[in-house]
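Quick note on this note's numbering: the sequence shown kicks off at 873 and runs consecutively.
Data first, discussion second: the structure below is written as structure tokens.
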Amino acid sequence: MRALLINQCTCPSDSGKYLKAPVQKCLPHCSYVRSLRFLFLSAEKWEELGRNMGGTWEEQSACADGCETNIKYPCFVNFFDKNNLFLFEKRKKSKKYLHEHKNKRTFAVSYNNSTLTKNITIMEIRLENINFRYRGSKTEVLSHLSLNLTKNKIYGLLGKNGVGKSTLLNIISGLLKPDRGQALINGTPCDKGDPELLEDIFFVTEEFSLPNVTLSSYVKMNAPFYPNFSQELLNDCLREFELPQDVKLGELSMGQKKKVFMSFALATQTKVLLMDEPTNGLDIPSKSQFRRTVSRCMNEERTIVISTHQVHDIEQMLDHIVILSSNGVLLDKSTEEISRLYVFEQRSPNDMADVIYAEPSLQGNSVMAPRGTKPETQINLELLFNSVTSIRE
């Protein structure tokens, strides 16, 4: 059993709205709930109840406006006053009872694991032995590629031209189907076209077009496909990018369009966000704005994958680095592990004994070397990339 605990303080006073809002807030993706219950319990009992039921309670805020559901209010079939717990099921009574007790009890919705799986599974993208070639080509872009991506991480997807970075993002988004192997998100094939899966994926492609409409019209047309879309978050992103909240998309420059498109992508709050060369076309201030905005919109439920050649634009943001080659995955390591094992620094030509990789620079040599007992240094992503590709290809 799993339940969502609703903060009663944010609920409106009207008992109908009081119940409508939390139901929609708790189950925004739900189309399979067959067993729905409404619980009232004292604040001191909710944690004990969660432990006894083996469940997990998550505090949420209930929206007061704009929420609709077929369940206007629950009405009890029976209830019992044991440990201050009252159990309700849908019927035609008890609206008055709920109104009288809403300030004395905490409102919650519970549901069975077997009837709702979307909100309780751990986000994982699993690529298993992927092979892909474009029609008419004799060369495989991806060959026997396997990779696991997990939530709460920003991934940097790197590689030379033609190794399949964009192709891989298209496969994860479901736009391309692998010739062999499978791409799965939480066990569901990416190319299945599952609506519940698609509403939790957004792909910012390198090349895109926006219709010649106002931003508000664009949002009205597209936001309904993403149940977690936040207008407030969109406004925050636009403000960070120094753009007005409603603009005519056809009148924007390419860089401005990219900033609007990325703002909308972040505002969808999808659990999987894919970006292909997101900083192309952005000026220097906008690249700093991009880093701040993406970092602020990141949360523990989200997986962000950024494919780019502009490594200096993103190297400070990344939690994990994946480097692809025509032979598969060359590197798949967290930035934490890389920083623990290696240092990136400038050295003189006389201090090169333990160097793994070096490139000439104005200060002498830019090197990658074993860290040992030295202080941690910032990862030089370009140097790391050149080191890995020169040694392992």
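Using N, Cα and C, we set each Cβ at its ideal position, and we do this for glycine too.
Remember, it's a predicted structure, so these values are computed and weren't measured experimentally.
Taking the alpha helix (DSSP H) that ASP1155 belongs to, which residues open and close that run?
Careful: ASP1155 lies outside any alpha helix (DSSP H) and carries neither H nor E.
Under a three-way DSSP split, which group does HIS1192 fall into?
strand
Which of the three DSSP states, helix, strand or coil, is assigned to SER1018?
strand
Quick one: Cα of LYS1131 to Cα of LEU1196, how far?
27 Å
Count the other C-beta atoms from every protein chain shown that fall within 10 angstroms of the C-beta of TYR1006, then say buried if there are 16 or more, exposed otherwise.
exposed
Measure the C-alpha to C-alpha separation of ASN1110 and ASN1042 and round it to an integer number of angstroms.
One detail in the question is off: residue 1110 reads as Leu in this sequence, not Asn. Looking at the two C-alpha atoms, the distance is approximately 26 Å.
Can you tell me where the alpha helix (DSSP H) with TYR1090 in it begins and where it stops?
1087–1094
Go ahead and pull the three-state DSSP assignment for LYS1037.
helix
The segment 1166–1186 contacting the segment 1022–1036, beta-carbon criterion three pairs below 8 Å
yes
Can you tell me the Cα-Cα spacing of SER1009 and LEU1105, whole angstroms?
43 Å
Per-residue burial, SER1233 [other beta carbons within 10 Å of its own, 16 or more giving buried]
exposed
Report back the beta-carbon spacing between GLU1078 and GLU1149 to the nearest angstrom; my notes put them in contact at under 8 Å.
4 Å
My understanding is that VAL1076 touches LEU1154, with C-beta atoms under 8 Å, so please give their C-beta distance in whole angstroms.
Actually they are not in contact, since the Cβ atoms of VAL1076 and LEU1154 sit about 12 Å apart, beyond 8 Å.
Determine the direct distance from the alpha carbon of ASP1108 to that of ILE1073, and round the result to whole angstroms.
21 Å
PRO1067 lies in the alpha helix (DSSP H); which residues open and close that run?
1067–1070
Sort out for me which residues DSSP pairs SER1259 with in a bridge.
SER1259 pairs with nothing; no bridge assigned.
Beta-carbon proximity check, ARG1267 vs LEU1213, cutoff 8 Å:
Any property of residue 1267 remains undetermined from this structure, which presents the chain solely from 873 to 1265.
Is the distance from the Cβ of ASP1063 to the Cβ of ASN1003 below 8 Å?
no
Which complete alpha helix (DSSP H) runs does the segment 1163–1188 hold, if anything under 4 residues is left out?
1183–1186
Residue range of the unbroken beta strand (DSSP E) whose run includes LEU1105
Element bounds for LEU1105: not the beta strand (DSSP E) but the alpha helix (DSSP H), 1103–1112.
Determine the burial state of GLY1036: buried for a count of at least 16 other Cβ atoms within 10 Å of its Cβ, exposed for fewer.
buried
Could you have a look at GLY1236 and say whether DSSP puts it in helix, strand or coil?
strand
Go through its chain and collect everything with a Cβ distance to SER1102's Cβ below 7 Å, but skip five positions before and after it.
ALA1139, GLN1141
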